[in-house]
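Position 151 of the sequence shown, counted from 1, bears residue number 261 in the working numbering, the numbering being contiguous throughout. Below is one structure, written out as structure tokens; comments come after it.
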Amino acid sequence: MKHLEGKVALVTGATRGIGRGIAIGLGEAGATVYVTGRSLNNSSSDGVFGSLSETQLAIEEAGGVGIPVQVDHSDDEQVRLLFERIQDEQDGQLDLLVNNAYSGVQALKDAYSQPFWDCEPSLWDASNNVGLRSHYVASVFAARMMTKRNSGLICTISSWGSMFYLFKTAYGVGKAACDIA
């Protein structure tokens with residue numbers, strides 16, 4: 111049963127992992143799913159594979175409609191243009207935003223063995239710019255669309271790191287902030 115048929119969803123950070131899985135599930139349930147990420151076509155950065163084109167194909171194989179949009183969520187203008195595109199293409203309809211984009215993995219790996227006080231303060235930005243901050247920015251643009259229709263849902267993906275120490279202090283604080291937003 112396609113209980114989300116006619117619904118429009120956006121999943122940020124959908125090239126791999128949980129974002130990709132959520133996007134596929136939404137497509138399988140009948141939603142039109144916009145998916146964002148930094149890699150449009152097959153790519154590997156530091157041995158991490160995944161692309162928007164691959165996610166789109168998986169959504170279509172599950173019977174859904176996937177619309178890939180290459181977006182760097184650290185750039186507010188790219189995010190604004192994404193929502194403008196959805197506004198134009200879907201006549202203002204956005205039923206679901208799933209905030210999932212995150213880009214701090216490499217910075218966390220690089221700082222892995224250091225206590226937080228030995229890490230550069232820039233680890234905060236690397237952990238929370240695309241993550242906590244970008245979720246807020248996307249939510250602002252989504253809420254502007256959703257409130258005009260008096261309908262919509264915004265979900266933010268978090269982590270076990272919000273409940274106990276995982277990776278680094280900056281990571282945990284960012285994830286805890288996602289949980290209470």
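We put the beta carbon where it would ideally sit given N, CA and C, even for glycine. Just so we're clear, the structure is a prediction, and the values are computed from it rather than from any experiment.
C-alpha distance - E230 paired with Q188, whole-angstrom precision: About 28 Å.
Run through DSSP, which three-state label would A124 get? Note: A124 maps to coil in three-state DSSP.
E164: which of V181, R130, V143 sits nearest, CA to CA? The option with the nearest alpha carbon to E164 is R130.
I264 - DSSP class collapsed to helix/strand/coil: Residue state for I264 is assigned as strand, using DSSP reduced to three classes.
What's the C-alpha gap between L150 and V179? Whole-angstrom Cα-Cα distance: 7 Å.
Report all residues from its chain with a CB closer than 6 Å to the CB of K117; omit the five preceding and five following residues, and keep chain order. Within the same chain, A141, D205 come within 6 Å of K117 by CB-CB distance, once the 5 residues on both sides are set aside.
So G175 and V143 are supposed to be a Cβ contact under 8 Å. How far apart are they, rounded? Contrary to the premise, residue 175 reads as Val rather than Gly in this sequence. The C-beta distance from V175 to V143 rounds to 7 Å, short enough to fall under 8 Å.
Tell me where the alpha helix (DSSP H) around Y212 begins and ends. For Y212, no alpha helix (DSSP H) segment is defined, and its DSSP state is neither H nor E.
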